[in-house]
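Q: Next up is a structure, given as structure tokens.
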Amino acid sequence: MPTAKQQAKEQIEFPRYMAAYSRQNRVAFKYLRDVPKALQPRLGRKRWDLSLGSKFDQAKIKCEAYTKEHDQLIARLGSDDGAREHVSTRNSGTAALAAEHILNQRLEHHYVAFDGEALSISTTKPHDDAIVIAGEAGPEQELWRQTEAVLSRSGQMPTDIAIKTLSNFAAYAFGDTSHLASEMSDPIGAKLTELLQPARPTAIGSAAVYDALHTALNSRLAELVGQSKESDGYRLSSLRERYFKLNNSSAATMRSYRGKIDTMTDKLGDLPLHQFTPEKLRLYRDHLLEEGLKPESVAQYFAPVKAIMRWAISEELVPGFDAMPTDKVKMPRAGTHIEATRWQRFDDGEIKRIWGLLQKAWGPDSRYDPDRQEAFKWAFRVALYTAARPVEVFRMKPESVTPDSIYITETKTGISRTLPMTMHLTGFHEFMQAGGWKLGKTKPESVAGTMSDSFTKAIRQAGFTNDRHVLYSTKDTLVDRLQRAGHSDDVIRGITGHVSGQGQLRNYKTRLNDTPEGLAMLRKALDAVEYW
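With the numbering used here, letter number 472 in the sequence shown gets 474, and the count goes up by one each step, no holes.
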């Protein structure tokens with residue numbers, strides 16, 4: 003006896019792709035069409051299987067409409083641009099339809115599936131690689147288990163598309179929205195995040211896998227963002243340079259900021275600001291502590307980043323970046339006062355002994371050539387009578403020194419100062435005019451570092467075990483002598499270059515460095531200081 007399907011075919015000529023089947027002793031119709039093999043990965047299915055209803059005339063019209071739509075789709079997917087446009091458009095409509103079905107629980111004969119890239123609705127069970135969001139078997143909500151597959155697929159995408167895909171996946175699979183510049187751009191991602199409410203599993207084994215996959219996803223995104231040109235203007239390094247120009251930052255400030263920020267970006271990547279999450283910054287804080295930095299130094303490494311972030315927020319420079327992530331990162335407490343951590347002075351006996359040690363460490367029998375021996379000895383004496391940092395001393399040029407004055411211009415604070423030539427530095431002007439430091443291609447920072455290491459090694463071998471005794475203790479030694487002689491804070495500030503501690507008076511007082519009378523006071527104070 004012929005079946006209902008055979009009877010229908012004998013009586014009526016079906017359009018292509020239309021098929022009849024028996025359902026509850028009634029004839030119904032379907033649209034059945036194989037997806038071209040080359041397009042199956044993009045469309046996430048091997049076959050179109052769509053219900054056309056039980057009324058032949060309406061089923062025929064629907065079948066012809068589906069045929070026309072899919073013919074156009076297949077032609078359009080012949081180009082990459084067409085494929086990406088289709089996925090975006092289809093996802094938006096499918097997401098809305100899926101949401102409607104899920105919320106209204108009308109899924110008795112449908113499956114809503116997600117393959118890591120596209121969401122689809124079908125009356126047939128999805129292929130094995132897909133995750134069923136809703137259907138006969140109910141939802142499978144652990145989308146994060148698809149991370150490896152999604153990462154693999156993203157490797158074939160253009161960088162900008164891969165960043166968008168993985169950023170959205172991080173949101174709806176892990177609940178991690180830190181990679182999104184603003185609101186989620188993918189309607190599927192927004193709807194899945196709302197419906198599935200992703201959370202870290204509680205089972206120890208699953209939690210470990212979850213964390214590992216999340217870390218891998220974050221690493222890949224950081225790598226891709228590093229390749230993308232779209233975010234260049236929002237990166238920390240780019241904003242840093244704009245910040246320098248706006249604030250007319252000194253050379254010393256720029257060196258300090260670049261060094262500290264480069265340390266962070268080497269660890270976390272040169273990311274757009276909105277991707278520096280509290281979680282990432284806490285990991286960086288812990289990394290600095292593990293590297294042996296003291297608590298106060300960790301805070302100093304965060305200071306430039308905070309300054310640039312505050313500026314970016316105030317001028318609304320980065321879309322979606324409107325709150326300080328550092329506010330949720332607690333800095334470690336030092337537990338000691340500055341008096342216990344600052345460099346310490348050499349007393350009268352110690353400084354005499356040290357000068358004697360340096361005659362040998364930087365003498366004819368040392369590993370340094372005669373020019374470097376003389377340079378180190380002069381630099382030490384200049385530091386003792388100017389309170390300049392070693393690198394500031396080596397930045398001095400012949401024109402910085404006259405018979406009457408020393409001009410210290412390239413300082414850490416960016417504040418220049420003029421000091422009188424004390425009688426204790428007789429011969430320094432002639433030394434500088436004869437070629438001075440003779441650095442050649444060597445940078446002042448490098449020479450200062452070599453001198454500092456040599457100094458520390460020499461005094462430690464001689465029994466100076468106080469780790470607060472270093473080359474820059476020359477400044478504390480000079481300040482100690484000036485204080486003991488009863489000089490005012492204005493004199494001490496004039497010599498050391500400090501401007502803090504004056505309050506509002508700083509707006510009205512003229513520095514002693516800037517008047518003939520003031521310079522005479524500074525010269526008298528310095529001439530009275532004797533070390534050996």
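The C-beta atom is built at its ideal place from N, Cα and C for all residues, glycine as well.
Got a sec? Which residues, its chain only, sit under 7 Å from residue 181 by beta carbon, not counting five neighbours each side?
A: Stepping through the sequence shown from its first residue, residue 181 is reached at position 179. 169, 172, 223, 277, listed in sequence order.
Q: With hydrogens ignored, establish whether the beta-carbon of residue 400 is closer than 7 Å to any heavy atom of the ligand MN.
A: The ligand MN is not part of this structure, which contains no ligands at all.
Q: Looking at residue 433 and residue 357, is the spacing between their C-beta atoms short of 8 Å?
A: Here the question's residue 357 lines up with position 355 in the sequence shown. Here the question's residue 433 lines up with position 431 in the sequence shown. No, Cβ-Cβ distance for residue 357 and residue 433 is not below 8 Å.
Q: Kindly indicate the opening and closing residues of the alpha helix (DSSP H) around residue 269.
A: Within the sequence shown, residue 269 is the residue found at index 267, counting from 1. Looking at the DSSP string, the run of the alpha helix (DSSP H) that includes residue 269 is 253-270.
Q: If you pair each beta-carbon of the region 402-409 with each one of the region 446-463, do three or more pairs fall below 8 Å?
A: Result no; under three Cβ-Cβ pairs closer than 8 Å.
Q: Just the C-alpha distance for residue 507 and residue 210, rounded to the nearest angstrom, thanks.
A: In the sequence shown, residue 507 corresponds to position 505, counting from 1. In the sequence shown, residue 210 corresponds to position 208, counting from 1. Residue placement at residue 507 cannot be trusted, given a pLDDT of 46 that sits under 50; the coordinates are not used to answer.
Q: Quick one, are the C-beta atoms of residue 395 and residue 385 less than 8 Å apart?
A: Within the sequence shown, the letter at position 393 stands for residue 395. Within the sequence shown, the letter at position 383 stands for residue 385. In contact: residue 395 and residue 385 (Cβ atoms closer than 8 Å).
Q: Which of helix, strand or coil does DSSP assign to residue 57?
A: Position 55 of the sequence shown, counted from the first residue, corresponds to residue 57. Residue state, collapsed to three classes: coil.
Q: With DSSP as the reference, please indicate the residues paired to residue 36 in a beta bridge.
A: Stepping through the sequence shown from its first residue, residue 36 is reached at position 34. Paired residues: 49.
Q: So, at 8 Å on beta carbons, what are the nonlocal neighbours of residue 90 in its own chain, with the 5 sequence-adjacent residues on each side left out?
A: As a first step, residue 90 is located in the sequence shown; it is residue number 88 there, counting from the start. Only weak support exists for where residue 90 lies, its pLDDT of 44 falling under 50; the coordinates are left without a value.
Q: Report, in whole angstroms, the separation of the C-beta atoms of residue 391 and residue 474, which I expect to be a contact under 8 Å.
A: Position 389 of the sequence shown, counted from the start, is the residue given in the question as residue 391. Position 472 of the sequence shown, counted from the start, is the residue given in the question as residue 474. Yes, they are in contact, since the Cβ atoms of residue 391 and residue 474 sit about 6 Å apart, within 8 Å.
Q: By Cβ distance, which residues of its chain are closer than 7 Å to residue 320, with the 5 residues on each side in sequence left out?
A: Within the sequence shown, residue 320 is the residue found at index 318, counting from 1. So the list reads 236, 274, 275, 276, 314, once near-sequence residues are dropped.
Q: Whole angstroms are fine: how far does the CA of residue 164 sit from the CA of residue 322?
A: One-based indexing of the sequence shown puts residue 322 at position 320. One-based indexing of the sequence shown puts residue 164 at position 162. Between residue 322 and residue 164, the C-alpha separation is close to 20 Å.
Q: Restricting to runs no shorter than 4 residues, where is the alpha helix (DSSP H) found entirely within the region 315-376?
A: Whole alpha helix (DSSP H) segments, 4+ residues: 340-343, 350-363.
Q: Which of helix, strand or coil does DSSP assign to residue 411?
A: Numbered from its first residue, the sequence shown carries residue 411 at position 409. Three-state DSSP puts residue 411 in coil, outside helix and strand.
Q: Look at residue 351 and residue 419 and say whether their C-beta atoms are less than 8 Å apart.
A: Translated into the one-based positions of the sequence shown, residue 351 becomes position 349. Translated into the one-based positions of the sequence shown, residue 419 becomes position 417. No, the pair does not count as a contact, with Cβ atoms beyond the cut-off.
Q: If I follow the unbroken beta strand (DSSP E) through residue 513, where does it start and stop?
A: Stepping through the sequence shown from its first residue, residue 513 is reached at position 511. Counting along the chain, residue 513 falls outside any beta strand (DSSP E), and DSSP gives it neither H nor E.
Q: If you draw a straight line from the C-alpha of residue 159 to the C-alpha of residue 289, how long is it?
A: The residue you call residue 159 lines up with position 157 of the sequence shown. The residue you call residue 289 lines up with position 287 of the sequence shown. Looking at the two C-alpha atoms, the distance is approximately 33 Å.
Q: Just verifying my parser: in three-state terms, what is the DSSP assignment at residue 89?
A: Residue mapping note: residue 89 aligns to position 87 of the sequence shown, counting from 1. Interpretation of residue 89 is limited by its pLDDT of 46, a score under 50 that renders its predicted location unreliable; no figure is taken from the coordinates.
Q: If you run the structure through DSSP and keep just helix, strand and coil, what is residue 30?
A: One-based indexing of the sequence shown puts residue 30 at position 28. Three-state result, residue 30: strand.
Q: Under a Cβ-count criterion, where at least 16 other Cβ atoms within 10 Å of its own Cβ denotes burial, should residue 97 be classed as buried or exposed?
A: Numbered from 1 along the sequence shown, position 95 holds the residue referred to as residue 97. Note that residue 97 scores 49 on pLDDT, short of 50, meaning its location in the model is unreliable and no value can be drawn from it.
Q: So, helix, strand or coil for residue 19, using DSSP?
A: Along the sequence shown, read from residue 1 onward, the residue named residue 19 stands at position 17. Correct three-state label for residue 19: coil.
Q: I need the DSSP call for residue 211, collapsed to helix, strand or coil.
A: Residue 211 sits at position 209 when you count from the first residue of the sequence shown. In the structure shown, residue 211 sits in a helix (DSSP, three-state: H, G or I).
Q: Taking only the alpha-carbon atoms, compute the straight-line gap between residue 334 and residue 220 and give it to the nearest angstrom.
A: Taking the first residue of the sequence shown as position 1, residue 334 is located at position 332. Taking the first residue of the sequence shown as position 1, residue 220 is located at position 218. Distance between the alpha carbons of residue 334 and residue 220: 26 Å.
Q: Along the chain, where does the alpha helix (DSSP H) that runs through residue 486 open and close?
A: By 1-based counting over the sequence shown, the position of residue 486 is 484. Run containing residue 486: 475-486, per the alpha helix (DSSP H) assignment.
Q: Excluding the 5 residues flanking residue 110 on each side, which residues of the same chain have their C-beta closer than 6 Å to its C-beta?
A: Looking up residue 110 in the sequence shown gives position 108. Residue confidence for residue 110 is low, a pLDDT of 49 falling below 50, so the modelled location carries little weight; the figure read from the coordinates is stated next. None.
Q: Pick helix, strand or coil for residue 449, following the three-state DSSP scheme.
A: As a first step, residue 449 is located in the sequence shown; it is residue number 447 there, counting from the start. In this structure, residue 449 counts as helix in the three-state DSSP scheme.
Q: Which residues mark the beginning and the end of the beta strand (DSSP E) in which residue 149 is found?
A: Stepping through the sequence shown from its first residue, residue 149 is reached at position 147. Counting along the chain, residue 149 falls outside any beta strand (DSSP E), though it belongs to the alpha helix (DSSP H) covering 149-156.
Q: Flag this pair as yes or no: are the beta carbons of residue 514 and residue 520 separated by less than 8 Å?
A: The residue labelled residue 514 in the question sits at position 512 within the sequence shown. The residue labelled residue 520 in the question sits at position 518 within the sequence shown. Yes, the Cβ-Cβ distance between residue 514 and residue 520 is below 8 Å.
Q: Output needed for residue 272: all residues of its chain with C-beta closer than 7 Å, excluding positions within five of it in sequence on either side, in chain order.
A: Here residue 272 refers to the residue found at position 270 when the sequence shown is read from its first residue. Excluding sequence neighbours, residue 272 sits near 228, 237, 238, 239.
Q: Alpha carbon to alpha carbon, what distance is there between residue 494 and residue 401?
A: For this step, residue 401 is matched to residue 399 along the sequence shown. For this step, residue 494 is matched to residue 492 along the sequence shown. One C-alpha to the other measures close to 25 Å.
Q: Can you find the residues in the same chain that come closer than 7 Å, C-beta to C-beta, to residue 518, ignoring five residues on each side of it along the sequence?
A: Stepping through the sequence shown from its first residue, residue 518 is reached at position 516. Counting only Cβ-Cβ distances below 7 Å, and skipping sequence neighbours, we find nothing.
Q: Among 459, 310, 305, 57, which residue has its Cα nearest to the Cα of residue 30?
A: Translated into positions along the sequence shown, residue 30 becomes position 28. Comparing Cα positions, the closest option is 57.
Q: So the alpha helix (DSSP H) residue 419 belongs to, where does it begin and stop?
A: Start at 1 with the first residue of the sequence shown, and residue 419 comes out as number 417. No alpha helix (DSSP H) holds residue 419; the beta strand (DSSP E) holding it covers 419-422.
Q: For residue 266, which residues from the same chain have a beta carbon less than 8 Å from its beta carbon, with the 5 sequence-adjacent residues on both sides left out?
A: Your numbering for residue 266 matches position 264 in the sequence shown. Counting only Cβ-Cβ distances below 8 Å, and skipping sequence neighbours, we find 238, 286, 303, 307.
Q: On the DSSP letters alone, give me the boundaries of the alpha helix (DSSP H) that residue 273 sits inside.
A: Your numbering for residue 273 matches position 271 in the sequence shown. Looking at the DSSP string, residue 273 is not in any alpha helix (DSSP H), and its letter there is neither H nor E.
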